[in-house]
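In UniProt numbering, the protein residues as written are 6 to 332. Ideal placement from N, C-alpha and C gives every residue a C-beta, glycine not left out. Notes for the one structure printed next.
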Amino acid sequence: KQIAFSAIQPSGTITLGNYLGAIRNWVTMQNEYNCIYALADLHTITVRQEPAQMRKNILDAYASILACGIDTEKSLFFIQSHVHTHAEMAWVLDCYTQFGELSRMTQFKDKSAKHADNINAGLFTYPSLMAGDILLYQADKVPVGADQQQHIEITRDIATRFNGLYGNVFKIPEGFIPKNGARVMSLQDPTKKMSKSDENVNGCVHLLDSPEAIMRKFKRAITDSEAHVHYGEGKDGINNLMGIYSTITGLSFEQIEHDFEGKGYGDFKTAVGEAVVEELRPIRERYESYIKDKAYLEECYRKADEIALKISSRTMNKVMKKIGFIL
Ligand code: TYM
6 KQIAFSAIQP
16 SGTITLGNYL
26 GAIRNWVTMQ
36 NEYNCIYALA
46 DLHTITVRQE
56 PAQMRKNILD
66 AYASILACGI
76 DTEKSLFFIQ
86 SHVHTHAEMA
96 WVLDCYTQFG
106 ELSRMTQFKD
116 KSAKHADNIN
126 AGLFTYPSLM
136 AGDILLYQAD
146 KVPVGADQQQ
156 HIEITRDIAT
166 RFNGLYGNVF
176 KIPEGFIPKN
186 GARVMSLQDP
196 TKKMSKSDEN
206 VNGCVHLLDS
216 PEAIMRKFKR
226 AITDSEAHVH
236 YGEGKDGINN
246 LMGIYSTITG
256 LSFEQIEHDF
266 EGKGYGDFKT
276 AVGEAVVEEL
286 RPIRERYESY
296 IKDKAYLEEC
306 YRKADEIALK
316 ISSRTMNKVM
326 KKIGFIL
């Protein structure tokens with residue numbers, strides 16, 4: 006079986022974008038791949054975190070992702086900071102990553118504009134920490150949303166460069182970016198990606214939102230003045246709603262256009278909202294029971310942490326030896 010690796014930052018709540026762009030594929034890939042998933046908590050401290058809130062976010066995210074359908078019998082789901090090879094590999098890869106290529110990362114440019122008071126070195130070297138995550142497990146496929154494409158590319162570049170120097174150490178991974186759902190946009194500004202940091206609360210649907218909140222957000226979604234449900238240029242709002250609806254229901258865009266022929270945007274927004282409510286309902290219910298059982302959550306991640314350390318240590322040792330360290 007091929008290996009799939011991916012991770013998510015436990016910074017605040019998980020969004021419908023995270024779910025449709027990535028986590029949903031993490032779940033389906035479990036049947037075909039050896040899946041290894043992580044909570045990328047080391048990545049979150051590139052932005053200042055409040056300690057108590059951070060602890061809560063990590064457990065919440067762990068429970069939420071289990072609730073999405075990650076099966077710990079089939080897949081590894083561990084906490085990045087518990088597996089020390091990640092920080093070690095990040096340092097090593099920092100020394101094989103160029104200042105110039107990190108400077109070209111659009112996420113660094115965006116984040117340093119947004120957090121101008123804290124443009125720390127970690128924010129800059131974030132891609133080599135992420136590259137290490139992936140390369141430690143010799144992953145074949147990395148299921149992510151479209152916003153991570155550039156990070157996958159730099160991972161491939163770093164790995165190829167390292168292999169060029171020392172022989173075949175790393176598997177060169179490929180992104181696994183869905184055709185549909187890879188870029189869920191804000192419901193309030195459909196030219197921007199849906200993000201937990203959206204200032205407008207109605208722009209972002211959270212995994213654990215109540216059905217009422219979800220319906221309200223979809224009913225208020227920004228569309229256009231045409232009132233005709235079809236995919237097209239200048240129809241970012243409707244295109245986004247069609248993308249969400251199609252990802253969840255599996256209906257093609259043509260089918261959706263056909264089904265909503267002669268109907269207004271109100272009907273369509275209600276249908277999309279209801280589809281999202283039904284998709285997220287069982288997740289919220291499972292989350293409620295997982296989050297009450299901290300002992301179970303701990304049992305799950307401790308077991309996974311240990312196995313992740315074993316697997317990743319093989320690559321780490323190989324890398325250290327190749328470079329010239331004495332082991
Ligand atoms: P993060 O935590 O920002 O997002 C987690 C996943 O959700 C996807 N995503 C979206 N997909 C579609 N539409 C959106 N609006 C949307 N917003 C987010 C992201 O593409 C991602 O797949 N650096 C990563 C975490 C990470 C990682 C890794 C990923 C750390 N190490 C190794 C893969 C492999 C991040 O910040 O994702």
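Q) Looking at Gln-153 and the ligand TYM, is the gap between the Cβ and the nearest heavy atom below 7 Å? A) Position 148 of the sequence shown, counting from 1, holds the residue named residue 153. Yes, Cβ of Gln-153 sits closer than 7 Å to a heavy atom of the ligand TYM.
Q: From the DSSP output, in three-state form, read off Thr-42 for me.
A: Working through the sequence shown from its first residue, we reach residue 42 at position 37. The sequence given here has Tyr at residue 42, not Thr. In this structure, Tyr-42 counts as strand in the three-state DSSP scheme.
Q) Nearest to Asp-152 by alpha carbon, out of Leu-128, Ser-200, Ile-63? A) Within the sequence shown, residue 152 is the residue found at index 147, counting from 1. Considering only alpha carbons, the answer is Ser-200.
Q | Within the stretch 24–91, ranges of the alpha helix (DSSP H) (whole runs, at least 4 residues) | A | Taken in chain order, the complete alpha helix (DSSP H) segments of 4 residues or longer contained in the stretch 24–91 are 29–34, 46–49, 56–73.
Q) Grouping DSSP H, G and I as helix and E and B as strand, with all else coil, what is Pro-132? A) In the sequence shown, residue 132 corresponds to position 127, counting from 1. Residue state, collapsed to three classes: helix.
**Q.** Start and end residues, alpha helix (DSSP H) containing Ser-251
**A.** For the purposes of this step, residue 251 is taken as the residue at position 246 of the sequence shown. Here the alpha helix (DSSP H) through Ser-251 covers 241–254.
(Q) For Leu-256 and Ser-318, what's the separation of their Cα atoms in angstroms? (A) The count along the sequence shown starts at 1 and reaches residue 256 at position 251. The count along the sequence shown starts at 1 and reaches residue 318 at position 313. The alpha-carbon atoms of Leu-256 and Ser-318 are separated by roughly 44 Å.
(Q) Using only the alpha-carbon positions, how far apart do Ile-288 and Thr-252 sit? (A) Along the sequence shown, one-based indexing puts residue 288 at 283. Along the sequence shown, one-based indexing puts residue 252 at 247. Those two C-alpha atoms are separated by around 17 Å.
(Q) Alpha carbons only, please: which of Val-324, Ser-11, Lys-61 is nearest the one belonging to Leu-44? (A) Looking up residue 44 in the sequence shown gives position 39. Answer by Cα proximity: Ser-11.
Q) Apart from the five residues on each side of it in sequence, which residues of its chain come closer than 7 Å, Cβ to Cβ, to Tyr-101? A) As a first step, residue 101 is located in the sequence shown; it is residue number 96 there, counting from the start. Answer for Tyr-101: Ile-163, Arg-166, Phe-167, listed in chain order.
Q. Quick one: is the Cβ of Ser-200 within less than 7 Å of any heavy atom of the ligand TYM?
A. Your numbering for residue 200 matches position 195 in the sequence shown. Yes, Cβ of Ser-200 sits closer than 7 Å to a heavy atom of the ligand TYM.
Q.
Give me, in chain order, the residues of the same chain whose beta-carbon lies closer than 8 Å to that of Gly-278; leave out the 5 immediate sequence neighbours on both sides.
A. In the sequence shown, counting from the first residue as 1, residue 278 sits at position 273. Cβ neighbours of Gly-278 beyond the five flanking positions: Ile-219, Met-220, Lys-222, Phe-223, Lys-224.
Q.
Using a 10 Å radius around the Cβ and a threshold of 16 neighbouring Cβ atoms, would you call Thr-111 buried or exposed?
A. Taking the first residue of the sequence shown as 1, we reach residue 111 at position 106. Classification for Thr-111: exposed.
Q. By a C-beta neighbour count over all protein chains shown, 10 Å radius and 16 as the cutoff for buried, is Leu-170 buried or exposed?
A. Taking the sequence shown and counting its residues from 1, one reaches residue 170 at position 165. Exposed, because fewer than 16 other Cβ atoms sit within 10 Å of the Cβ of Leu-170.
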